[in-house]
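Chemist: So that we are looking at the same thing, I have put the structure below in structure tokens.
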Amino acid sequence: MSITPAQTRPTENRMVSPTGIAPVRPELLAPAGDWECVRAAVENGADAIYFGLSRFNARMRAKNFTEADLPALMEFIHRRGVRGYVTFNTLIFENELASAEDYLRSIIAAGVDAAIVQDVGICRLIRELSPNFPIHASTQMTVTSPAGVDFAKKLGCQLVVLARECSIAEIQRIHQANPLPIEVFVHGALCVAYSGQCLTSESLGGRSANRGECAQACRLPYDLISDGRQVPLGDRRYLLSPQDLSGLEVLPELVQAGISSLKIEGRLKSPDYVASITRVYRQALDRALAAAQPEATDETSSRAWKYDLEMGFSRGLYTGWFKGIDNQELVHARFGKKRGVFLGTVSRVTRDSVWLQLESPTKLGDGIVFDAGTPDQGEEGGRIYEIKPAPGGKGPPLTELKFGHGHIDFQKVKVGDKVWKTSDPELERRVRQTYDGDTPKFRRQLRAEVHGKAGEPMTLILRDEMGHTVEVHSTIPLASAQNRPLTTEVLREQIGRLGGTGLCLGGLTSHLEGEVLLPLSELNRIRREAVSQIEQLRAQPQRWTLRDSQAYSPRSQTRSTAAPATPELIVLVRNLAQLQAVLTTSVATIYCEFEDPKKYREAVTLYRQSRPTTLSESPAGGIFVAPPRIFKPGEEWILKLITSCEADGVLIRNYDHLTAFPQGRKIGDFSLNVANSWTADYFLRHQGLERVTASYDLNFEQLAALLESGSAPDFEITIHQHMPMFHMEHCVFCAFMSSGKDYHDCGRPCEKHDVRLKDRVGQEHPLKADAGCRNTVYNALAQTGAEYVQRMIQLGVVRFRLEFLNESPQVVLQTLEMYDRLLQGEVTGSQLWQELKLRHQLGVTRGQMERNET
1 MSITPAQTRP TENRMVSPTG IAPVRPELLA PAGDWECVRA AVENGADAIY FGLSRFNARM
61 RAKNFTEADL PALMEFIHRR GVRGYVTFNT LIFENELASA EDYLRSIIAA GVDAAIVQDV
121 GICRLIRELS PNFPIHASTQ MTVTSPAGVD FAKKLGCQLV VLARECSIAE IQRIHQANPL
181 PIEVFVHGAL CVAYSGQCLT SESLGGRSAN RGECAQACRL PYDLISDGRQ VPLGDRRYLL
241 SPQDLSGLEV LPELVQAGIS SLKIEGRLKS PDYVASITRV YRQALDRALA AAQPEATDET
301 SSRAWKYDLE MGFSRGLYTG WFKGIDNQEL VHARFGKKRG VFLGTVSRVT RDSVWLQLES
361 PTKLGDGIVF DAGTPDQGEE GGRIYEIKPA PGGKGPPLTE LKFGHGHIDF QKVKVGDKVW
421 KTSDPELERR VRQTYDGDTP KFRRQLRAEV HGKAGEPMTL ILRDEMGHTV EVHSTIPLAS
481 AQNRPLTTEV LREQIGRLGG TGLCLGGLTS HLEGEVLLPL SELNRIRREA VSQIEQLRAQ
541 PQRWTLRDSQ AYSPRSQTRS TAAPATPELI VLVRNLAQLQ AVLTTSVATI YCEFEDPKKY
601 REAVTLYRQS RPTTLSESPA GGIFVAPPRI FKPGEEWILK LITSCEADGV LIRNYDHLTA
661 FPQGRKIGDF SLNVANSWTA DYFLRHQGLE RVTASYDLNF EQLAALLESG SAPDFEITIH
721 QHMPMFHMEH CVFCAFMSSG KDYHDCGRPC EKHDVRLKDR VGQEHPLKAD AGCRNTVYNA
781 LAQTGAEYVQ RMIQLGVVRF RLEFLNESPQ VVLQTLEMYD RLLQGEVTGS QLWQELKLRH
841 QLGVTRGQME RNET
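Heads up: the sequence shown at position 381 corresponds to 381 in our numbering, and the numbers run straight through without jumps.
So, in structure tokens, the structure goes:
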């Protein structure tokens, strides 16, 4: 790829959509983990950057910025024509609301261009603080449908970042149904689980992905266990590690779909990564919009761009879900870490060299790694010291590569090992040159106009791409020119001398009357004054309204809820056998979450036959059914099945469910991420939910603060469950137990086999598919909050949920009996979990209720 000292962004947009309407020019949004990354993004053509502060962002391992950095940071990027968005994209706990409000006030006052927000309650808090400060709904809000966009819009959001699992066809349908600006990730790491719905790090190690502490368990190897036996997969062990997203080849389609913002992932990546990836997409996007380059040049550029992307960071590049679902392509499963460019396969190993047929060019000094299919066991690698073409002979030509003495243990390198180029020092040097130093290298265009006639001052007007306009007049009148008049060429040369400003002259229009002249010193003076004024305008912070008074608090709001006189157990079952067992007990409220929603009608019939009519119709009991956690356009048939079963109510799990079930009772499930009183209040008072389930991200102290903030009977607490860890569009059944790419041709192995993922410590985590073919990996160990039940009862909690997964009816009844005795005070929480551990060997832990000392 050709890297030039300075690049400018063209203003012409000639791409035409299928409807014949020129689409909006998308914003190119780059990540910035620190100041170097900011410069790398700015100097390589980003229209905007997104960055985190020291708290409340989903990349807490990044260097991040402080509140004190904000004024200087915003002045710098605004002067360069770049917008800045703060990532406020984690769940906020009740005892953090005061600090969150202080942070938000600093953000708004500093003139930040928008906040990227996950928490529903924080959206509401922002709107109380400022009626016009822009909110971008984070991908952590898990928006996959028009109803999700509408939900965000009603919260006051100006833009929605869709879930990465949406195809271009789905994006178009969503955008056509609700024209709120849409942002999508266009490049970078793919989370295998839906953002905002991954509880793996929380479940396995107490590090919540919803709190910016993802431990990346998806990048680890797993064994696939089917019906108790390991499925032979060779070196394909990274079953949950997707290739990195690259939307480069579908960039024109994304533009045509009406995308407003294209986001590059990578706040934990290096400045070189930010520079390289941003530059590639800047050039590709401008070319796609202009749509005027020769096809041959496009092919050459595409090869160079792909090389730069792979060298920047690559676990393999793929279009993700943009083209739809293809489970055979999304996850190759051979490794879960950076590789780079594929050079070839080892054909021969000698005492001090290897031979291979090169599939990509390489040169002296490049760094390589040998891939034997066991990346978790350490790999050989080093820099190339010598390259020798092999003598001619039969077969394809081979190349001999030699390395520094002692750098490679050739006894560990085998024929058949794959060879990857992981470092290109020449490219790295060129990339760093694009943002090193203080001199601006990427320039934003100004448009200039000049007006005047002899005997009057000359007027210079400058306009920038941000809408700023300045007008400056000469102090010397124009004179008639006998020779050397101010031609357009002279004006362009003089006004275009913009030096180190980060600006360049785009269009220039001269309205001078007749042949006139002005001393060049005066022309240069008014140019400098005009540029100074427009730079001052560009550097000024955005002026958002910020209310001085204390924001409204939902704590003053009270609700009248029909709560039982004594604490009760609510049970979630996942098959009919479990349901029949629970129906022999006194449990009044039962939730059903079945893989096949067609079985819900039978479940409702069983419930009604075993319960008195007065009980099933009273607020004290009922049978509820659970739709899938994710909804996408085209899946209305599932919602119709839910409605037709005539259950007493529905477990609400996403934004579509809020409006899809106007009749019956509605209970908010954990997937709504209720972590503070602002969020709880919104779902209870504004969305008509009967009660809500507290977020699984809360430890006991955080939960207690939430319960004390309002009416504890409005909350339902899950105290026994197999934590649903990964919830994903990726279908492991299809990818590794069939040759099909989706449900059309996979043969439905999910219906025939008991499948588990075995981790590195030997735990076998159950894998389940739902009606939408989405997979959930559940923690192998059931976990309980039994030790905290009596304290929660003292706080006013009256509803405690138990969730079963694969347990037999006998185990279900034994577990229910123990929890019933717990509520009666006959056993302690410690006795309960110890006895269950011994009886069922479940390895029961205290789960999300455990005290978090960090």
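Backbone N, C-alpha and C define an ideal beta-carbon position, used for all residues, glycine too.
At which residues does the alpha helix (DSSP H) containing residue 701 begin and terminate?
Modeler: Element bounds for residue 701: 700–708.
Chemist: Could you pull out every unbroken beta strand (DSSP E) segment of at least 3 residues lying fully inside the segment 116–202, listed in chain order?
Modeler: Segments of the beta strand (DSSP E) lying fully in the segment 116–202: 135–137, 159–161, 182–188.
Chemist: Report the three-state DSSP secondary structure of residue 98 (helix, strand or coil).
Modeler: Of the three classes helix, strand and coil, the one that applies to residue 98 here is helix, per DSSP.
Chemist: I'd like the list of long-range same chain contacts for residue 147, defined as Cβ closer than 7 Å, with 5 residues on each side in sequence excluded.
Modeler: Closer than 7 Å at the Cβ level, and outside the excluded window around residue 147, lie 655, 656, 659.
Chemist: With residue 488 as the anchor, note down where its beta strand (DSSP E) starts and where it stops.
Modeler: Here residue 488 belongs to no beta strand (DSSP E); instead the alpha helix (DSSP H) covers 488–495.
Chemist: Along the chain, where does the beta strand (DSSP E) that runs through residue 85 open and close?
Modeler: Note, residue 85: beta strand (DSSP E), 83–88.
Chemist: Compute the Euclidean distance between the alpha carbons of residue 89 and residue 118, then round it to the nearest angstrom.
Modeler: For residue 89 and residue 118, the distance between alpha carbons rounds to 5 Å.
Chemist: Would residue 739 be called buried (16 or more neighbouring beta carbons within 10 Å of its own) or exposed?
Modeler: Exposed, by the Cβ-count rule.
Chemist: Does the distance from the C-beta atom of residue 155 to that of residue 244 stay below 7 Å?
Modeler: Contact flag unset, no.
Chemist: So which of 365, 247, 372, 385 has the shortest CA-CA distance to residue 322?
Modeler: The option with the nearest alpha carbon to residue 322 is 247.
Chemist: Looking at the secondary structure, which residues open and close the beta strand (DSSP E) in which residue 779 lies?
Modeler: That run of the beta strand (DSSP E) goes 775–784.
Chemist: Can you give, in chain order, each stretch of the alpha helix (DSSP H) that sits fully within the segment 467–529 and has at least 4 residues?
Modeler: Runs of the alpha helix (DSSP H) inside the segment 467–529: 488–495.
Chemist: From 661, 701, 687, pick the residue whose C-alpha is nearest to that of residue 675; which is it?
Modeler: When only C-alpha atoms are compared, the closest one is 701.
Chemist: Over what stretch of residues does the alpha helix (DSSP H) that includes residue 79 continue unbroken?
Modeler: Start and end: 70–79.
Chemist: Would you mind stating whether residue 275 and residue 435 have Cβ atoms separated by less than 7 Å?
Modeler: Going by C-beta atoms, residue 275 is nearer than 7 Å to residue 435.
Chemist: Below 8 Å on the Cβ atoms is my contact criterion, and I expect residue 71 with residue 100 to pass it. Report the Cβ-Cβ distance as a whole number of Å.
Modeler: Between residue 100 and residue 71 the Cβ distance is about 20 Å, and since that is not below 8 Å, they are no contact.
Chemist: Under 7 Å Cβ to Cβ from residue 486, same chain only, skipping five residues before and after it: list those, please.
Modeler: Closer than 7 Å at Cβ, skipping near neighbours: 512, 516, 517, 518.
Chemist: Hey, how far is the Cα of residue 249 from the Cα of residue 305?
Modeler: Going from the Cα of residue 249 to the Cα of residue 305 covers about 11 Å.
Chemist: From residue 81 to residue 542, what distance separates their C-alpha atoms?
Modeler: Roughly 13 Å separates the two Cα atoms.
Chemist: Assuming residue 500 contacts residue 445 (C-beta within less than 8 Å), just tell me the rounded distance between them.
Modeler: No, residue 500 and residue 445 are not in contact; Cβ-Cβ is about 16 Å, not under 8 Å.
Chemist: Residue 197 and residue 727 look like a contact to me (Cβ under 8 Å); what is the Cβ gap, rounded to whole Å?
Modeler: Residue 197 to residue 727, Cβ: 5 Å. Contact.
Chemist: Classify residue 817 as buried or exposed, calling it buried when 16 or more other Cβ atoms lie within 10 Å of its own Cβ.
Modeler: Counting Cβ neighbours within 10 Å, residue 817 comes out exposed, since fewer than 16 surround it.
Chemist: For the segment 360–371 against the segment 413–426, are there 3 or more C-beta pairs whose distance is under 8 Å?
Modeler: The segment 360–371 is in contact with the segment 413–426.
Chemist: Which partner residues of residue 67 appear in the DSSP bridge assignment?
Modeler: Per DSSP, none; premise fails for residue 67.
Chemist: Could you check if residue 564 belongs to the surroundings of the ligand NAD, using beta carbon to heavy atom distance under 6 Å?
Modeler: Ligands in the displayed structure: none, and consequently the ligand NAD is not present.
Chemist: Looking only at DSSP bridge pairs, what is residue 408 linked to?
Modeler: Its beta-bridge partners do not exist; DSSP assigns none.
Chemist: Give the C-beta separation of residue 108 and residue 544 to the nearest angstrom, bearing in mind that I take them to be a contact with Cβ-Cβ under 8 Å.
Modeler: Correct: roughly 5 Å between the Cβ atoms.
Chemist: I want to know whether the segment 765–780 touches the segment 592–601 - three or more CB-CB distances under 8 Å.
Modeler: Contact between the segment 765–780 and the segment 592–601 is present, because at least three Cβ pairs lie under 8 Å.
Chemist: For the 8 Å Cβ check, are there 3 or more pairs between the segment 427–443 and the segment 347–360?
Modeler: As far as the Cβ criterion goes, the segment 427–443 does not touch the segment 347–360, which means the pair count is below three.
Chemist: Counting C-beta neighbours from all protein chains within 10 Å, is the total for residue 187 16 or more, i.e. buried, or is it exposed?
Modeler: Per the 10 Å Cβ criterion, buried.
Chemist: What residue ranges within the segment 294–332 form continuous beta strand (DSSP E) runs of no fewer than 3 residues, ordered along the chain?
Modeler: As far as the segment 294–332 is concerned, it has no whole beta strand (DSSP E) run of at least 3 residues.
Chemist: With the cut-off set at 7 Å, would you say residue 730 and residue 330 are in Cβ contact?
Modeler: Contact: yes.
Chemist: Going by Cα to Cα distance, which pick from 97, 467, 139 is closest to residue 121?
Modeler: Residue 121 has its Cα closest to that of 97, out of 97, 467, 139.
Chemist: By alpha-carbon positions, which one of 488, 125, 164 ends up nearest to residue 140?
Modeler: Closest option to residue 140, Cα to Cα, is 164.
Chemist: Could you name the residues of the same chain whose beta carbon sits closer than 6 Å to that of residue 834, not counting the 5 residues immediately before and after it, in chain order?
Modeler: Excluding positions up to five away in sequence, the list is empty.
Chemist: With DSSP as the reference, label residue 267 as helix, strand or coil.
Modeler: Of the three classes helix, strand and coil, the one that applies to residue 267 here is coil, per DSSP.
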